[in-house]
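Participant: Quick mapping for you: the protein sequence lines, in order, are chains A and B. Residue 6 is where the first sequence starts when you use my numbering, and the numbers rise one by one after that. Residue 6 is where the second sequence starts when you use my numbering, and the numbers rise one by one after that. Where a beta carbon is used, it is the ideal one built from N, C-alpha and C, also for glycine.
2 protein chains.
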Amino acid sequence: MAMADSNSVSHSGNALNLESVRDSLIRQEDTIVFSLIERARYPVNSRLYNQTLGLVPGFSRSLVHFIVKETEAIQAKAGRYENPEENPFFPNGLPPSVVPTHKYPQVLHPAAASININEHIWDMYFNQLLPLFVAEGDDGNYASTAASDLNCLQALSRRIHYGKYVAEVKFREAPQDYEPLIRAKDRDALMNLLTFKNVEEMVKKRVAKKATVFGQEVTLGNNSSGNYKIDPLIVSHLYAEWVMPLTKLVEVEYLLRRLD
Amino acid sequence: MAMADSNSVSHSGNALNLESVRDSLIRQEDTIVFSLIERARYPVNSRLYNQTLGLVPGFSRSLVHFIVKETEAIQAKAGRYENPEENPFFPNGLPPSVVPTHKYPQVLHPAAASININEHIWDMYFNQLLPLFVAEGDDGNYASTAASDLNCLQALSRRIHYGKYVAEVKFREAPQDYEPLIRAKDRDALMNLLTFKNVEEMVKKRVAKKATVFGQEVTLGNNSSGNYKIDPLIVSHLYAEWVMPLTKLVEVEYLLRRLD
């Protein structure tokens, strides 16, 4: 048997610290890049996203909405949302878990459970990100495409909501810096305190490099074709424009509730 | 918009030929390696596979069985199994597709639809492959683990059943070589005719290299840690012991029905 990745707080079994949070964020980059590369196998398949087609009898939304909602219901039964790292896209009416509850480490303030920006992530993914990296066309593979979309959405959602853990760690390291700003509800000052431009530049470079490495055509020779399955610049754009800002939004929302 | 991968017959829009089949097989290697790396994020989580726990009320099989069966039902509604490249693990009682049928190129002999070795693939994956590359332990993430298992199973199933296309192309290129063996139902001779040791060695090396490249820890420096998320030898073992032999089994089964 191999060693498991220490890719989340729940796996590591360790107390929350900056090192474990950082390791998880870095490992999650790989998952995000893999999921985007896999979505790029299919063209846009826009019929999947069209609400007016009425494909599913008795369901007024799009086919992808139906597939994600139904798949989340199955995963809820298997306990997915018992893990505080996971947030559903359609939280209303989810069935209860049938599995014995795992003892996830309780490291977050209870208010964390009320923070879910998946509506925002859904909109960003389908309306802004997806058109940047998929080809036009329709190949009929709606189910596979929607499954790939769900993998992307879940990977992005987990990464962005991981801001709750980032904020908790940062708060514990310097409560004296955060408490006055939290009491003053000073969002801008909190955002400034959470922003490290040099770290963000490094992350943008690293995710672009990951897209280059993971998206290359690997052959037994040394010749790289220079074709990438996803444009590395789009991945750094995704992080710069959406992943990092939305993570910080989650961090601020969490901190504002941290003293409740 | 980017160019879509020509990763399947249904996407390429081209007539079936050795080049398009080969490209698809190579692209599918990446998907398989990604899916294994992602499964390795979680420990074995054996409660998922235990039939005797009776976790799902009214369902006598394991939790992973429940999740795969239910997820396949949703994907069937979205038309997944209208594509002749896709084969369900639980074909009985699947609901019909609600989407307008896509015109997939009809390149296979109709008997292809009767060939489904997913029971074999299921057994191989859970009982032989999985214990080789996941860590011991239980982190409670059963839903995410099962979703990763399903990604692995579907990627392996698609790759192995792609043997139908491989066999069709080879048959068309040299019907005079195959017809006598098919009429004689000579499985061994067909298997010999389909076996190219040097090609198989090359594939084993290439998939191991892909595991090395895609499973490395990518950093901004040049220093590779030498830690891989999945052992490259296990990926070449997977291909040598199971993927390539099972693909040839599909090829032989298809050829035996090719003149019906």
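Is it buried or exposed for threonine 106 of chain B, if we count other Cβ within 10 angstroms and need 16 for buried?
Facilitator: So threonine 106 of chain B counts as exposed.
Participant: Counting only Cβ pairs nearer than 8 Å, list the residues of chain A close to tyrosine 109 of chain B.
Facilitator: Within 8 Å Cβ-Cβ: Gly145.
Participant: For phenylalanine 201 of chain B, which residues in chain A fall below 9 Å Cβ to Cβ?
Facilitator: Under the 9 Å cutoff, chain A gives no residues; its nearest Cβ is about 16 Å from phenylalanine 201 of chain B.
Participant: Using the Cβ count rule (16 or more neighbours within 10 Å means buried), how would you classify valine 139 of chain A?
Facilitator: Per the 10 Å Cβ criterion, buried.
Participant: Run through DSSP, which three-state label would proline 86 of chain B get?
Facilitator: For clarity, residue 86 of chain B is tyrosine in the given sequence; the question names proline instead. Correct three-state label for tyrosine 86 of chain B: helix.
Participant: Please give me, in chain order, every unbroken run of the alpha helix (DSSP H) with length at least 4 that falls completely inside the region 23–98 of chain B.
Facilitator: The qualifying runs are 23–44, 68–82.
Participant: Can you tell me which of A/Ala83, A/Ser241, A/His166 puts its alpha carbon nearest to the alpha carbon of valine 5 of chain A?
Facilitator: Outside the shown range of chain A (6 to 265) lies residue 5 of chain A, about which nothing can therefore be said.
Participant: In or out: leucine 60 of chain A buried (at least 16 other Cβ within 10 Å) or exposed?
Facilitator: Buried is the call here.
Participant: Compare the Cα-Cα distances from leucine 30 of chain B to each of B/Pro48, B/Leu68, B/Arg163, B/Tyr54 and report the closest residue.
Facilitator: The option with the nearest alpha carbon to leucine 30 of chain B is B/Arg163.
Participant: Ends of the alpha helix (DSSP H) at glutamate 206 of chain A?
Facilitator: Segment 202–219, the alpha helix (DSSP H) holding glutamate 206 of chain A.
Participant: Just curious, the alpha helix (DSSP H) that glutamine 133 of chain A is in, first and last residue?
Facilitator: Where glutamine 133 of chain A is concerned, there is no enclosing alpha helix (DSSP H), given that its DSSP letter is neither H nor E.
Participant: Mind pulling the chain B residues with CB within less than 9 Å of lysine 215 of chain A?
Facilitator: Correct list: Val223.
Participant: Taking 8 Å as the CB-CB limit, is asparagine 121 of chain B close to chain A?
Facilitator: Chain A contact via Cβ: absent.
Participant: Report the residue from A/Thr252, A/Leu21, A/Leu260 whose alpha carbon sits nearest the alpha carbon of isoleucine 165 of chain A.
Facilitator: That would be A/Thr252, whose Cα lies nearest to the Cα of isoleucine 165 of chain A.
Participant: Just tell me which of A/Asp265, A/Leu264, A/Arg263, A/Glu258 has its CA closest to the CA of isoleucine 120 of chain A.
Facilitator: Residue A/Glu258 is the option with its Cα nearest to isoleucine 120 of chain A.
Participant: Does DSSP put tyrosine 183 of chain B in a helix, in a strand, or in coil?
Facilitator: Looking at tyrosine 183 of chain B - three-state DSSP - the assignment turns out to be helix.
Participant: Would you say methionine 207 of chain A faces chain B, with C-beta separation under 8 Å as the test?
Facilitator: Yes, methionine 207 of chain A counts as interfacial toward chain B.
Participant: Is the beta carbon of cysteine 157 of chain B closer than 8 Å to that of arginine 66 of chain B?
Facilitator: No, these two residues do not count as a Cβ contact at 8 Å.
Participant: Closer than 7 Å by C-beta to valine 26 of chain A: which residues in its own chain qualify, once you throw out the five before and the five after it? Chain order, please.
Facilitator: Excluding positions up to five away in sequence, the list reads Tyr170, Val171, Val174.
Participant: What does lysine 210 of chain B touch in chain A if you count any residue whose Cβ is under 8 Å from its own?
Facilitator: Within chain A, the residues near lysine 210 of chain B are Leu225.
Participant: In three-state DSSP terms, what is tyrosine 109 of chain B?
Facilitator: Tyrosine 109 of chain B falls in the coil class under three-state DSSP.
Participant: Under 8 Å, CB to CB, which of the residues in the region 83–97 of chain A have a partner in chain B?
Facilitator: Hits within the stretch, in order: Ala83, Gly84, Arg85, Glu87, Asn88, Glu91.
Participant: Among A/Pro250, A/Leu53, A/Glu24, which residue has its Cα nearest to the Cα of threonine 150 of chain A?
Facilitator: It is A/Leu53.
Participant: Who are tyrosine 233 of chain B's beta bridge partners in DSSP?
Facilitator: Its beta-bridge partners are B/Gln221.
Participant: Considering only the alpha carbon of each residue, which of A/Glu124, A/Pro101, A/Glu90, A/Ala213 lies closest to proline 110 of chain A?
Facilitator: Answer by Cα proximity: A/Glu90.
Participant: Would alanine 20 of chain A count as contacting chain B if we go by Cβ distances under 8 Å?
Facilitator: No, its Cβ sits nowhere closer than 8 Å to a Cβ of chain B.
Participant: Go through its chain and collect everything with a Cβ distance to alanine 160 of chain A's Cβ below 6 Å, but skip five positions before and after it.
Facilitator: Answer for alanine 160 of chain A: Thr36, Ile37, Ser40, listed in chain order.
Participant: How is the alpha helix (DSSP H) around arginine 164 of chain B delimited, first residue to last?
Facilitator: Per DSSP, arginine 164 of chain B belongs to the alpha helix (DSSP H) from 147–166.
Participant: Is isoleucine 122 of chain A helix, strand or coil by DSSP?
Facilitator: In this structure, isoleucine 122 of chain A counts as coil in the three-state DSSP scheme.
Participant: Quick one: does alanine 118 of chain A have its CB under 8 Å from some CB of chain B?
Facilitator: No, no contact with chain B.
Participant: Is it right to say leucine 238 of chain A is buried, meaning 16 or more other beta carbons lie within 10 angstroms of its own, or is it exposed?
Facilitator: Exposed, since its Cβ has fewer than 16 Cβ neighbours within 10 Å.
Participant: Alpha carbon to alpha carbon, what distance is there between tyrosine 183 of chain A and lysine 215 of chain B?
Facilitator: Lysine 215 of chain B and tyrosine 183 of chain A: Cα-Cα distance of roughly 45 Å.
Participant: Roughly how many angstroms separate the alpha carbons of proline 93 of chain B and glutamate 24 of chain A, rounded to a whole number?
Facilitator: Spanning the two alpha carbons is a distance of roughly 42 Å.
Participant: Could you give the C-beta distance for isoleucine 72 of chain B and isoleucine 187 of chain A, rounded to a whole number, given that I count them as a contact under 8 Å?
Facilitator: Not a contact, Cβ separation roughly 41 Å.
Participant: Classify aspartate 193 of chain B: buried if its beta carbon has 16 or more other beta carbons within 10 angstroms, exposed otherwise.
Facilitator: Exposed.
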